[in-house]
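Engineer: Residue numbers (our numbering), protein chains in the order written: chain A, 9 to 275; chain B, 9 to 275.
Where is the CB? At the ideal position from N, CA and C, for every residue including glycine.
One structure follows; several queries about it will come next.
Given below as structure tokens:
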């Protein structure tokens with residue numbers, strides 16, 4: 009029987025700009041049930057999607073330093089904006105392995121093997137960064153920023169008519185050059201998958217990078233002998249600004265959270 | 009002829025969570041053309057409206073300290089959320105007089121003299137704080153948070169159909185108990201005045217606190233012998249996170265800004 013190394017018993021850090029990353033957390037918890045997970049939602053600085061690359065990097069590094077102090081063995085950057093803008097800075101600054109959602113998301117989109125362009129929707133910052141375009145290596149990407157999707161999800165308007173109207177505006181670009189695959193390049197967007205799917209029709213496959221990210225995290229830990237193989241993983245949640253909404257949205261997402269710890273930064 | 013004191017020659021600080029405060033800035037610049045104005049938009053922490061009172065106070069005090077170092081003679085808190093949650097903390101911490109927008113806004117609403125309840129729309133944080141209810145002294149306030157208005161304005165969707173749909177959802181509460189007066193309790197909302205007015209009808213007077221705030225600033229400076237009476241006021245703009253959008257929105261608002269200075273905080 010294999011034995012777990014001491015290092016394997018350390019938790020995985022999951023970092024997001026706020027609440028949306030719980031979609032990634034949920035997938036990690038499902039696929040890696042033995043792992044201890046520490047989630048950090050930087051609710052003090054949410055949203056990242058309309059901030060500059062410099063600000064996103066500064067926030068990301070600060071959260072990463074905090075998670076490293078918690079003794080994590082690896083960090084998953086659940087936030088697409090941070091993955092797009094801060095991943096290489098995080099990899100450089102941290103001693104533990106760091107995974108983002110962009111590479112796995114792009115790979116999952118390419119795995120479909122369909123010809124033609126691949127659609128990408130995300131925040132202003134993610135789309136402007138062209139990070140998905142680079143990760144899609146040669147495949148033609150059609151990017152579309154959907155800045156109102158995050159506030160709509162945060163407001164809980166997941167299936168209102170008005171949300172569909174906003175979605176129709178943003179997705180109009182995909183009506184002409186119909187991609188077969190659309191990457192949901194922001195952790196909030198899977199919550200709008202039904203609305204988005206109804207607008208684009210059945211011919212378009214929606215890719216949620218969370219699934220492939222969780223798979224890749226497992227692979228990477230196994231390769232390094234860091235995978236936990238027994239026990240029930242503990243889950244701890246931190247936010248940088250206390251938010252009742254965090255618990256509400258978590259409940260809706262089917263992530264049972266009993267308590268959230270507040271860790272605020274200097275400003 | 010009166011002479012200006014040395015103290016009068018110092019600038020006025022105008023503080024906002026981001027871009028919206030330019031509606032207040034514009035009114036100050038119009039009414040007090042001789043004054044030097046230093047505007048600070050805390051775009052690194054925008055939006056304030058969904059953050060906790062503790063976070064809003066921390067951000068506000070940090071910006072205030074920066075403005076005080078610039079040698080201001082008074083500070084106008086253009087942001088309703090900061091006025092609602094941080095005004096007393098700011099007054100306590102600062103040596104110069106501090107004015108918010110809530111008291112002037114409430115006074116302007118009461119000045120109409122109309123009987124019946126007064127409607128107030130604002131961010132989650134402003135409405136939850138009940139700051140307008142208190143300032144309206146006895147008059148019955150009907151508060152309604154409109155969290156999507158800020159992102160809609162920031163997206164530039166000032167007069168889209170979808171914005172009207174969102175507004176109809178939020179303003180439905182005013183259809184039954186029709187107030188004669190509605191306070192636009194967030195600096196972004198005057199930009200939606202046309203949409204809001206069309207929904208509520210001509211019988212409802214919309215109050216923008218900016219007008220009365222600028223008037224009160226002038227009165228307060230005059231009383232203290234701090235009013236500038238000649239010269240062309242200089243205008244300086246700072247943001248805590250560089251944002252192209254700042255210049256775009258400023259242009260749309262008719263506030264000509266040539267350049268914006270970046271002053272970022274530690275995080």
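(1) Since residue 59/B meets chain A, which of its residues come closer than 9 Å, beta carbon to beta carbon?
(2) Go ahead and pull the three-state DSSP assignment for residue 45/A.
(3) Which same chain residues, not among the five before or five after residue 251/A, have their C-beta less than 7 Å away from its C-beta?
(4) Using a Cβ-Cβ distance under 9 Å, would residue 112/A count as near chain B?
(5) Just tell me which of 207/A, 78/A and 56/A has its CA closest to the CA of residue 68/A.
(6) Give the straight-line distance between the Cα atoms of residue 43/A and residue 197/A, rounded to the nearest whole angstrom.
(7) Flag this pair as yes or no: are the beta carbons of residue 86/A and residue 23/A separated by less than 9 Å?
(8) State the DSSP-derived secondary structure class of residue 189/B, mapped to helix, strand or coil.
(9) Excluding the 5 residues flanking residue 19/B on each side, which residues of the same chain have their C-beta closer than 8 Å to its C-beta?
(10) State yes or no: is the beta carbon of residue 170/A nearer than 9 Å to at least one beta carbon in chain B?
(11) Checking 9 Å against the spacing of the C-beta atoms, do residue 125/A and residue 185/A come in under that value?
(12) Could you give the distance in angstroms between the alpha-carbon of residue 138/A and the alpha-carbon of residue 21/B?
(13) With 16 as the cutoff for other CB atoms within 10 Å, does residue 59/A come out buried or exposed?
(14) When you compare the CB positions of residue 84/A and residue 225/A, do they come within less than 9 Å of one another, or not?
(15) Considering Cα atoms alone, identify which of 11/B, 142/B and 33/B is closest to residue 261/B.
(16) Please confirm whether residue 158/B has its beta-carbon closer than 9 Å to some beta-carbon of chain A.
(17) Compare the C-beta of residue 177/A against all C-beta atoms of chain B and say whether one is closer than 9 Å.
(18) Which of the residues in the region 115-133 of chain B, read from start to end, lie with their CB under 7 Å from any CB of chain A?
(19) For residue 23/B, list the residues DSSP reports as bridge partners.
(20) Please classify residue 94/A as buried or exposed, where buried requires at least 16 neighbouring CB atoms within 10 angstroms.
(21) Whole-angstrom Cβ separation of residue 170/A and residue 158/B, contact assumed at under 8 Å?
(22) On a Cα-Cα basis, can you pick out the residue from 246/B, 270/B, 247/B and 236/B that is closest to residue 12/B?
(23) 9 Å is my cut-off, CB to CB: does residue 257/A come that close to chain B?
(24) Name the two residues that bound the continuous beta strand (DSSP E) containing residue 129/A.
(25) What number of angstroms, rounded off, separates the C-alpha of residue 119/B from the C-alpha of residue 271/B?
(26) Find the nearest neighbour of residue 109/A within the set 156/A, 100/A, 102/A and 96/A, judged by alpha-carbon distance.
(27) Would you please verify whether the beta carbon of residue 238/A is less than 9 Å from any beta carbon of chain B?
(28) Just curious, the alpha helix (DSSP H) that residue 38/B is in, first and last residue?
(29) I'd like to know if residue 105/B contacts chain A, where contact means its C-beta is closer than 9 Å to some C-beta of that chain.
(30) Cα separation between residue 213/B and residue 269/A?
(31) Am I right that residue 128/B and residue 193/B are in contact with their C-beta atoms under 8 Å? What's the rounded C-beta distance?
(32) Does the Cβ-Cβ distance between residue 254/B and residue 70/B come in under 9 Å?
(33) Please list the partners that residue 63/B has in chain A, where partner means a Cβ-to-Cβ separation under 8 Å.
(34) My assumption, with CB atoms under 8 Å, is that residue 98/A sits in contact with residue 72/A. Please give the rounded CB distance.
(35) Taking a contact to mean a Cβ-Cβ separation below 9 Å, would you say residue 89/B touches residue 134/B in this structure?
(36) Hey, is residue 130/B close to the ligand MN, as in C-beta under 8 Å from one of its heavy atoms?
Structural biologist: Reading from the atomic positions:
(1) 51, 52, 54, 249 and 251
(2) strand
(3) 51
(4) no
(5) 56/A
(6) 26 Å
(7) yes
(8) strand
(9) 43, 44, 45, 46, 78, 79, 80, 81, 242 and 244
(10) yes
(11) yes
(12) 38 Å
(13) buried
(14) yes
(15) 33/B
(16) yes
(17) yes
(18) none
(19) 48/B and 85/B
(20) buried
(21) About 16 Å; that fails the 8 Å criterion.
(22) 236/B
(23) no
(24) 126-130
(25) 39 Å
(26) 96/A
(27) no
(28) 30-39
(29) no
(30) 44 Å
(31) 5 Å
(32) no
(33) 52, 249 and 272
(34) 5 Å
(35) yes
(36) Looking at this structure, you won't find the ligand MN or any other ligand, since it has none at all.
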